[in-house]
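Colleague: Handing you this structure, nothing more for now.
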Amino acid sequence: MSDLLQRYGVFLNVENPDDDARDALRQTVRTGGAVEQMGFHDVWVAEHHNSPFAIGSALTVLLAQIAACTSTIRLGTGASLLALNDPLRVAEDIASLDLLSGGRIEFGVARGGPFPAQYRSAGIASADAARERMHEALALIRRLWTEPQTRFDGRFFHCEDVAVYPRPLQRPVPVWLASLSGDSPRIAAEHGYGLMATPSADLGQVAEQVAAERARRGAFPFAIARFFHCDDDSRRAIEHGVAAVRAYPRLMGVQFPPGRLPPMFAPDAPEAVILANAIIGDPGQCVARAKQLGERLGPHRLLLKPATHDANEARASLARFARAAGLT
1 MSDLLQRYGV
11 FLNVENPDDD
21 ARDALRQTVR
31 TGGAVEQMGF
41 HDVWVAEHHN
51 SPFAIGSALT
61 VLLAQIAACT
71 STIRLGTGAS
81 LLALNDPLRV
91 AEDIASLDLL
101 SGGRIEFGVA
111 RGGPFPAQYR
121 SAGIASADAA
131 RERMHEALAL
141 IRRLWTEPQT
151 RFDGRFFHCE
161 DVAVYPRPLQ
171 RPVPVWLASL
181 SGDSPRIAAE
191 HGYGLMATPS
201 ADLGQVAEQV
211 AAERARRGAF
221 PFAIARFFHC
231 DDDSRRAIEH
241 GVAAVRAYPR
251 LMGVQFPPGR
261 LPPMFAPDAP
271 EAVILANAII
281 GDPGQCVARA
291 KQLGERLGPH
301 RLLLKPATHD
311 ANEARASLAR
321 FARAAGLT
């Protein structure tokens, strides 16, 4: 698979296992800057709220810091939780980021994932309501970026003759829906959005959905995040990476609806299931696994989510992969 068909990015979640928020934030920014030098194409940062462990609540602040210490890497919101935020403010923040970064923003949006505490704190009753708010907010933001003045009368958001400044440098800003469920594939097809699969999404189901979408709409932007750990010693990489994936649901406090738990997060998930849905191993194994994804999924962006809380270890792991894949 050529580089034109498969791009490599990094997916960062601001994790604070040692209760040192300042260091967790600074290490995330440092990693975001380092991966540009390694040759990665994109760096995406997740947004989370109400968690002492996942503290990436100020998404645009983090990306602004990364933008300031980079010059070429694409900067993705992975993802902006539109249901929980004021869309006018998001429109202003993302436009400012796009201008300051020289037009490098990738605007990924999501309803908020399996974290009901986020919905409750925002007064949202359910995941379905959050999804509806997300799509409505996105429609409003895209109009605010292009119309001289916007009048909008939706179910959740209302404005009359509002103008937002500044406007983004990119026309248009690339939009990604971090969801393959509900109306997201249809809405993405109607508006030309990209689709993104989360690190825990089952690869078999993802492959089927991507193939079906390509049959319906032809080529379209697609990205998939995968848990990742690369060590020179294969067995050590697997032991560490698999243990990190097993611990992730507890640390993050995920709460999937009945019947929707990803196979890799099942309490008794075999090691083989986790490895089949991740990029874990020595450098050669990781690169081979990435190429297999390319053959199975077709053109896409592969976003590596480090499966370690040690920032130095994460950067070393990413550097091993970058060298083996010929990025540096």
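No gaps in the numbering here: position 173 of the sequence shown is 173 in the UniProt record's numbering, and each next residue is one more.
Glycine included, each C-beta is placed from N, C-alpha and C at the ideal position.
Since this is a predicted model, take the numbers as computed values, not measurements.
Is the segment 233 to 244 touching the segment 186 to 194, taking contact as three or more C-beta pairs under 8 Å?
Modeller: no
Colleague: Skipping 5 residues on each side, what residues in its chain have a beta carbon closer than 6 Å to that of Thr70?
Modeller: Gly33, Glu36
Colleague: Of the residues Gln149, Arg171, Phe156, which one's Cα is nearest the Cα of Val162?
Modeller: Ranking the options by Cα distance to Val162, first place goes to Gln149.
Colleague: What three-state label does DSSP hand residue 347 in the structure shown?
Modeller: Since the first residue shown for the chain is 1 and the last is 328, residue 347 is missing from the structure and cannot be characterised.
Colleague: Helix, strand or coil, according to DSSP, for Arg143 in the structure here?
Modeller: helix
Colleague: What does the alpha-carbon distance come out to for the pair Thr328 and Phe156?
Modeller: Thr328 and Phe156: Cα-Cα distance of roughly 47 Å.
Colleague: Report the three-state DSSP secondary structure of Thr150 (helix, strand or coil).
Modeller: strand
Colleague: Taking the straight line between their C-alpha atoms, what separation do you get for Asp86 and Arg133?
Modeller: Per the coordinates, the alpha-carbon of Asp86 lies some 11 Å from the alpha-carbon of Arg133.
Colleague: What's the C-alpha gap between Arg26 and Asp153?
Modeller: Distance between the alpha carbons of Arg26 and Asp153 is about 41 Å.
Colleague: Inspect the CB distances between the segment 261 to 274 and the segment 212 to 220 and report whether three or more fall short of 8 Å.
Modeller: no
Colleague: Can you pull the DSSP bridge partners for Thr77?
Modeller: Its beta-bridge partners are Val45, Phe107.
Colleague: My output table needs one value for Cys286: the three-state DSSP class, helix, strand or coil.
Modeller: helix
Colleague: Following the continuous beta strand (DSSP E) through Glu160, name the residue where it begins and the one where it ends.
Modeller: 158 to 162
Colleague: In chain order, what residues of the same chain have a beta carbon less than 6 Å from the beta carbon of Leu177, not counting five sequence neighbours either side?
Modeller: Ser184, Ala188, Tyr193, Leu195
Colleague: Are the CB atoms of Thr60 and Asp98 nearer to each other than 8 Å?
Modeller: no
Colleague: Are Phe11 and Ala319 close, meaning C-beta to C-beta below 8 Å?
Modeller: no
Colleague: According to DSSP, which residues form a beta bridge with Gln6?
Modeller: Here Gln6 is bridged, per DSSP, to His300.
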